[in-house]
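Asks: Those protein sequences? They're chains A and B, same order as listed.
According to the numbering used here, the first sequence holds residues 1 to 208 in order.
According to the numbering used here, the second sequence holds residues 209 to 405 in order.
Every residue gets a Cβ at the ideal spot worked out from N, C-alpha and C, and that includes glycine.
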Amino acid sequence: MSESRVPPAVVVGAVVLACGALLLGAHLGLAARIERNVRLAQVRVLVELVGVTGLSDAGMERFVADNLREEKDGAGRVRRWIYLRESAVGAVLYPMEGKGLWGPIHGVLAVSPELDTILGLRVTRHEETPGLGAEIEAAWFLRRFDGLRFVEEGDSCDPLELRVVKAGTARGPLEIDGVSGATETVRGFDAMLTKTLHQVLRDRGGRP
Amino acid sequence: MSRHLSTLVTPIWKENPIFFHVLGICSALAVTTRVSNALVMGAAVTVTAMATAICVSLLRPVVHRAVRLVVEMLVIATFVILFDVMLKAFWYDMSRQLGPYVGLIVTNCILLGRAEAFALKNPVFPSLLDGLGSGLGYSWVLVTVAVFREALGAGTLLGFPVLPEGAQPAQALFLPPGAFFLMGILVWVLSAVRRRP
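1) Following a CB-centred definition, is T215(B) positioned closer than 7 angstroms to any heavy atom of the ligand SAM?
2) Can you find a C-beta in chain B that's less than 8 angstroms from the C-beta of R207(A)?
3) With 8 angstroms set as the bound, which would you pick, yes or no: does the beta-carbon of I262(B) sit closer than that to a beta-carbon of chain A?
4) Are the segment 34 to 52 of chain A and the segment 293 to 303 of chain B touching, with three or more C-beta to C-beta distances below 8 angstroms?
5) By DSSP, does A182(A) sit in helix, in strand, or in coil?
6) Over the uninterrupted alpha helix (DSSP H) stretch that includes G341(B), give me the two end residues.
7) Can you look up F150(A) in the DSSP assignment and give me helix, strand or coil?
8) Since I165(B) meets chain A, which of its residues come closer than 7 angstroms, beta carbon to beta carbon?
9) So if I threshold CB-CB distances at 9 angstroms, which residues from the segment 342 to 355 of chain B count as touching chain A?
10) Note down, in chain order, all residues in the segment 26 to 57 of chain A with a beta-carbon under 8 angstroms from any beta-carbon belonging to chain B.
11) Name, going along the chain, the residues of the segment 356 to 384 of chain B whose beta-carbon falls closer than 8 angstroms to a beta-carbon of chain A.
12) Under a three-way DSSP split, which group does G7(A) fall into?
13) Does the beta carbon of G131(A) come closer than 8 angstroms to any beta carbon on chain B?
14) Let me know the secondary structure DSSP gives E175(A) once reduced to three states.
15) Pair every Cβ in the segment 189 to 196 of chain A with every Cβ in the segment 262 to 281 of chain B, then say whether three or more of these pairs are closer than 8 angstroms.
16) Would G120(A) pass as a contact of L17(A) if the rule is Cβ separation under 8 angstroms?
17) Can you give me the C-alpha to C-alpha distance between I313(B) and L247(B), rounded to a whole angstrom?
18) Could you check whether the segment 121 to 134 of chain A touches the segment 98 to 106 of chain A, counting it as contact only if at least three pairs of C-beta atoms, one from each stretch, sit closer than 8 angstroms?
19) Any chance the segment 316 to 333 of chain B sits against the segment 249 to 264 of chain B, with 3 or more Cβ pairs inside 8 angstroms?
20) Listed in chain order, which residues of the segment 262 to 292 of chain B have Cβ atoms closer than 8 angstroms to some Cβ of chain A?
21) With a threshold of 8 angstroms between beta-carbons, can P308(B) be considered close to chain A, or not?
22) Please list, in chain order, the chain B residues whose beta carbon lies closer than 7 angstroms to that of L101(A).
23) Here's a check: name, in chain order, each residue in its chain whose Cβ is nearer than 6 angstroms to the Cβ of S265(B), leaving out the five neighbours to either side.
24) Comparing alpha-carbon positions, which option in D146(A), E161(A), R144(A) and F145(A) lies nearest E152(A)?
25) Could you tell me which residues DSSP puts in a beta bridge with W81(A)?
26) List the residues that DSSP assigns as beta-bridge partners of L125(A).
27) With 8 angstroms set as the bound, which would you pick, yes or no: does the beta-carbon of P8(A) sit closer than that to a beta-carbon of chain B?
28) Cβ of V16(A) less than 8 angstroms from any chain B Cβ?
29) Where does T117(A) fall in DSSP's three states?
30) Looking only at its own chain, which residues have a Cβ that is under 7 angstroms from the Cβ of D203(A), when we skip the five neighbours before and after it?
31) Say whether chain A places a C-beta atom closer than 8 angstroms to the C-beta of H212(B).
Shown next, in the form of C-alpha cells:
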C-alpha cells in the first residue's frame, strides 16, 4: 500500500474525478425521473384529499388536469385548487407553507366548498427529525383534523381559535394534541395551519 | 471450511458487525419499524459495502498510507449517493420512508471499518466476499429486529396483518426506545448462543 510510486495527490485527484463523473452522470440521467416522482407525489396528495382512490399514475395526472382548477396569485404561485365534481364545487385545496425546526414544511389543506370545515390535510415535504418531528406527516396525527369545523355556525366570518397544542394537553374540540418530543415542529405546524386558515377565512368573503 | 467460505461467513455470524462489533446501531434502531424498510436498508448497506470493497481493494497498490482515508471516504460517499439517487428515481415511496438514513450510510462504521481492516489488505475477491458477508450480517439482524417490531408493534408483517383479531399492538415497540430494548435483548441472546461451546 505505502510503497507505491504514484504521487498521492495524483491518486486522490484521479479518484475525485472518477467519483465526480459517476455522480454527475447519475444526476443527469435520473434528474427528470426524480422530478416526475416528486410531481406525482404532489398529484397523489391532491387526488387523495378529494377522496378519489385506485387511479394509476397517468390516471391521477389526468384526473387533476380535468377536475382541479388551479388559481394563481400575482406572483404566479398556486394559491388554491378548486375541485369540481359534476360541475359543483366538491372541495377547495390550499397549499400550505411554514417553517419547522430544521427547514421548511410544505403541505396541502382541503376544506369544504362552504370554506368552514377541514376535509383533510397532508404534509408533502419537511426536514424534521425522523421519529419525532417527522411524525407530523403520519396519518395518526393528521387524522385528528378531519371534519373539524373552524368557523361559528351561521355565516359569521369570525375564526374560531383552532390550535395545535402540546401533546396530551388538548381541551375542547378546537385544541388538537401535537406530537410529543417535537415542540418546535408542532409550533411551526400550528403557525402554518393558522396562516392558511386565515387565508381561507379571507376567501369566505367571495365564495368560489 | 475453505478460506473463502470462512471470509464470507465470519462477518455474518461469528464477528457480526452489529452484535459483535456493535457498529451501525443508529440506523438499525431507526429503520426497523417495518420489515420492508429493513430489507431495503440492508440491501443498501450490502451493495455499497461490496462496491466499496472492490474499489478499495483495486486501488490498494497505488494508494499511499497518508491519503487512504480520503480515498476510502470518497469511494463510500460516491456509492451511497448513487444508491440514494437510484432509490429516489425508481422507488420514490421507499426513499421517502427511509428519509435521511440511506444518505447516512456514508457514516456507517461498517463500511469504513471493513475497508480499513480488510479491503485495504486483501485481493479483490476475498474483499468482495467480506463486503457481502458484512452487509448480510447487518441485514439479517436488522430484519430480525424489524420482524419483532412490525409484528408486535403494528400487528403486521410486510403490510399483512398477523396479530389475532382484537389483539392490541404494543406501540412501545414501535417507538425508538422499544427498538433499543429489543436490540439489547437480541444482542444478549445472540452473544449467549455464540459463546456456547
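Replies: By the coordinates alone:
1) As for the ligand SAM, it is missing from this structure, which has no ligand bound.
2) Caution is warranted here: a pLDDT of 49 is assigned to R207(A), below 50, making its placement in the model unreliable, and no coordinate value can be reported.
3) no
4) yes
5) coil
6) V332 to F356
7) coil
8) In this structure chain B extends from 209 to 405, so residue 165(B) is not present and cannot be described.
9) none
10) A26, H27, L30, R33, I34, N37, V38, L40 and A41
11) L383 and P384
12) A small fix is needed here, since residue 7(A) is Pro in this sequence, not Gly. In the structure shown, P7(A) sits in coil (DSSP, three-state: anything other than H, G, I, E or B).
13) yes
14) strand
15) no
16) no
17) 14 angstroms
18) yes
19) yes
20) L267, R268, P269, V270, V271, H272, R273, A274, V275, R276, V278, V279, L282, V283, A285, T286, I289 and L290
21) yes
22) Under the 7 angstroms cutoff, chain B gives no residues; its nearest Cβ is about 14 angstroms from L101(A).
23) A327, V332 and S335
24) E161(A)
25) E70(A) and L93(A)
26) Leu is not the amino acid found at residue 125(A); the sequence shown has Arg there. Paired residues: H106(A).
27) yes
28) yes
29) strand
30) L115
31) no
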